[in-house]
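I have placed the structure first, in the form of structure tokens, so that the comments after it can refer back to it.
Protein chains: 2
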Amino acid sequence: MKIKMVKGGICAAKGVRAYGIKEGSKGLALIEGEGRAVGMFTSNNLKAAPVRYTKKQLETGRISAIIANSGSANSFTGERGMRNAERMAELASSCLGVEREEVAVASTGPIGVQLDMDLIERQLGEVVKGLTSGEGGSTAAAKAIMTTDTFLKEKAVCIDTGTDERVVLGGIAKGAGMIFPHLATATMLSFIYTDASLEEEVLGRSLKEAVDNSFNMVVVDGDMSTNDMVLLVSTGRSGKISEEDFKAGLTFVCQELAKLVAKDGEGATKFIEVSVKGAPSIADAREVARSILRSPLVKSALFGERPDLTCGRIIAAIGSSAIAGAVDPRRISISVKSDKEVLAVKNGEFMDLFGLARTIMKGKELFIDVDLGTGEEVEARAWGCDLTYDYVRINAGVH
Amino acid sequence: MKIKMVKGGICAAKGVRAYGIKEGSKGLALIEGEGRAVGMFTSNNLKAAPVRYTKKQLETGRISAIIANSGSANSFTGERGMRNAERMAELASSCLGVEREEVAVASTGPIGVQLDMDLIERQLGEVVKGLTSGEGGSTAAAKAIMTTDTFLKEKAVCIDTGTDERVVLGGIAKGAGMIFPHLATATMLSFIYTDASLEEEVLGRSLKEAVDNSFNMVVVDGDMSTNDMVLLVSTGRSGKISEEDFKAGLTFVCQELAKLVAKDGEGATKFIEVSVKGAPSIADAREVARSILRSPLVKSALFGERPDLTCGRIIAAIGSSAIAGAVDPRRISISVKSDKEVLAVKNGEFMDLFGLARTIMKGKELFIDVDLGTGEEVEARAWGCDLTYDYVRINAGVH
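Structure representation (structure tokens):
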């Protein structure tokens, strides 16, 4: 089985048309593509209207279209908000001639702001005209849902299963604030299409596994925006593929998109990958990786390119995660890599952190390997970025 | 019962002498005062050597002296670190002629750096000479343990129980980074002395209650520095006091010190008090208050003086806390107060947030009242500050 990058984003999958427009901060994306569908949603207890709407909609097990706006999260907007989410589905349904019950709705933007339905209706008229299965369609849709994102995020792969069957998986995503657990304006949305034909249970299991190893490792798990949503639709226009091969392809696409989200972290100057090995279990490894990338102190030290502060704070973050007595400080090792690599902490002892280590920290892509030394063969990877003046500026609403 | 502020910090309590010196970033404080003692310690799993040492030491139930240094946390320093903590106790014990087993040891500063024992020994010689029961003694000790603190923290009260008995409670504290849960360089230390005579169990219960309502509400609970420590010593040199009165006095002193820590939050331009009412339980109220003040997005919006962004992100923080289905968004109200007060969210609806609200947000002390609307009569208060460019600068190690 080979995974090959291809162009076209979601439109690389057969049976998908897309388009979108963006006017200032307010954009609208429409994706047409019929098939079996599964989704994963924010675990925030105050879910936005579109999340509640689409979660219920997905009980049909099918999606014919996705309509998504930027400029308002339609969150904390009361009954009017829910009526507006329904109205978005209705509008898409009548434009495209698909069942209203098969239209998914997503929103991103500030909380507590009602949708401008007149604007959405007008934009929809234009977007419908632009729908295309060409690669420009996916790109336009990806652009339309950007908020504080500084670049658009799309990826597609072709999975060569070694037979005549070729299956394409394409996705778009938006999100630039997944740096911290308490998202509000910076929702993560991702829509993924495949032309493979797969059972609903296989789609569900594959999406869960892929998201656990990708979007959920951009430092977010239980604490999410009120609007986060990942949808996976299989149009079934191409051949069959084994569950194993499909999972590998889907995980690859989701990780590529997740890394783009981390790279575009609000105000980020560095992309950081943290790998944790030797934890008592994979769940522990994930928790430690995330808690390191959640720590504002670690992230500030990375911004300051200070290996000494970074390592000390990584130690504190490890200690504050829930692996009670299972970690022996004398067995912890940490290495830091950019163009070169240095062993910064070796079996619980700080090495020289003022020579090569300082040069390595100047890299724009840093890989931090933590070995907790239990000897267990587990590894988790998480992605994030540094904490910078610009993060504060952007989120202070100072433009 | 009346609580009256008095001068003198820890030295206001009878039977206490203190002093300290600070040279650059390295300081040493010594407190002499014999009595029953209890302590509370960081719940970080990687506890620094002085924390492990003092926790064990307190099994004697007594403290005769406290020796505390700034400039190194003596954390993640292996067996040599533990020997150095023991050595600090030995040095204080021989200088003062007290039992080594009754000396508590505390440290604050960067992780992974060994103590400079020659310096500590030299500084101790000078500090012993300066020991005094005058108010300058408390102040000197409080200064000696400062790290990124911008002002010293001490408070003392006299509790007038209405009889002839007067009891004094005095405390010092350091800590300027309790803004975020993953502390590393910015440990919180507090040493509190009282001349009241109290049983060990009463001291223990009182300290737990006071800390739960003060230091633990500076946005920190399970996630702490490797070095946090609060010690309470009762010299028994004054009269008796009821447990209730003592708890009230102790809670007052701890809250005053906790607020000073929040006010001195690294890089802070605003002091924020969050009060949460109407949660299903007091534990829920505490969790919500803390999760609001932990959110980098809420804190950035406070820095930007943006009531609209602040309220939206408070909603997301409420939703991401663990009060599952118990919160009805239509019952949430939020008011913001500085010199004036405005109802920003009323029963789930955003009010006008661009008039008076923007003026109120310019205040340097903000009080945010959140009512979750369950009708339960519980209230929790937490203290914190905004997230600023200076927080990033300080923690990036850029000086």
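Line by line, the protein sequences are chains A and B. In terms of the working numbering, the first sequence is numbered consecutively and its last residue is 542. In terms of the working numbering, the second sequence is numbered consecutively and its last residue is 542. We put the CB at the ideal spot given by N, CA and C, even for glycine.
- Annotated as distal: CYS397/A and SER340/A, with beta-carbon spacing of 8 Å or more.
- Contact note: ILE511/B does not reach chain A at a C-beta cutoff of 9 Å; the least C-beta distance is about 15 Å.
- When CB distances to chain A are screened at a threshold of 9 Å, the residues of the stretch 168-190 of chain B falling below it are THR185, SER186, ASN187, ASN188, LEU189 and LYS190, in chain order.
- The distance from the Cβ of LEU374/B to that of ILE209/B is about 6 Å, consistent with a contact at the 8 Å cut-off.
- Taking C-alpha positions only, GLU344/B is separated from GLU520/A by approximately 46 Å.
- Of the residues ALA525/A, TYR196/A and ASP495/A, the one whose Cα lies closest to the Cα of ILE415/A is ALA525/A.
- Counting the other CB atoms within 10 Å of its CB gives SER237/B a total below 16, which places it among the exposed residues.
- If you draw a 10 Å sphere on the C-beta of THR306/A, you find fewer than 16 other C-beta atoms in it, and that means exposed.
- Only those residues of the stretch 409-442 of chain B whose C-beta falls short of 8 Å from the nearest C-beta of chain A are listed: SER434, ARG437, SER438, PRO439, LEU440 and VAL441.
- At a cut-off of 8 Å, the C-beta of SER377/A has no neighbouring C-beta in chain B.
- Of the residues GLY176/B, GLU166/B, GLY252/B and PHE493/B, the one whose Cα lies closest to the Cα of ASN538/B is GLY252/B.
- Setting aside the 5 residues that flank it on each side, GLU448/B is surrounded in the same chain by ARG501, MET504 and LYS505, each with a C-beta closer than 8 Å to its C-beta; the list follows chain order.
- Beta-bridge pairing by DSSP links LYS317/B to LEU332/B.
- Under DSSP, CYS301/B takes part in a beta bridge, and its partners are LYS147/B and VAL311/B.
- A contact is defined here as three or more CB-CB pairs under 8 Å, and the stretch 216-228 of chain A meets this definition with respect to the stretch 239-252 of chain A.
- With fewer than 16 other beta carbons inside 10 angstroms of its own, ASP495/B counts as exposed.
- Burial check for ARG456/A: the Cβ neighbour count within 10 Å reaches 16 or more, so the residue is buried.
- Here the alpha carbons of ALA235/A and GLY527/A stand approximately 35 Å from one another.
- Take the alpha-carbon of ALA432/B and the one of ARG265/B: they are about 45 Å apart.
- In the three-state reduction of the DSSP assignment, THR453/B falls in the helix class.
- At least one CB atom of chain B sits nearer than 8 Å to the CB of LEU530/A.
- Inclusion of ILE174/B and GLY314/B in the CB contact set at 8 Å is not warranted, their separation being larger than that value.
- Straight-line measurement puts the Cα of ASP388/A at about 31 Å from the Cα of MET289/A.
- Residues of the stretch 479-492 of chain A with a C-beta atom less than 9 Å from some C-beta of chain B are VAL488, GLY491 and GLU492, listed in chain order.
- Along the length of the stretch 333-394 of chain B, whole alpha helix (DSSP H) runs at least 4 residues long occupy 343-355, reported in chain order.
- With contacts defined by Cβ atoms closer than 8 Å, ALA487/B and LEU403/B do not form a contacting pair.
- Contact holds between the stretch 265-285 of chain B and the stretch 150-166 of chain B, because three or more Cβ pairs, one in each stretch, are under 8 Å apart.
- In the three-state DSSP reduction, MET289/B falls in the coil class, being neither helix nor strand.
- Secondary structure note for SER218/B: it is in no beta strand (DSSP E), with a DSSP letter that is neither H nor E.
- Between the alpha carbons of ASP471/A and PRO423/A lies a distance of about 11 Å.
- At a C-beta separation below 8 Å, GLY462/B has these neighbours in chain A: ASN187, ASN188, LEU189, LYS190 and THR369.
- A direct Cα-Cα distance of roughly 15 Å separates THR412/B from LEU436/B.
- Taking a Cβ-Cβ cut-off of 8 Å, GLY214/A has no neighbours in chain B, whose nearest Cβ is about 14 Å from it.
- Against chain A, the CB of ILE503/B has no partner CB under 8 Å away; the residue lies outside that interface.
- THR394/A and ARG223/A have their C-alpha atoms spaced approximately 37 Å apart.
- For GLU508/A, the secondary structure class from DSSP, reduced to helix, strand or coil, is strand.
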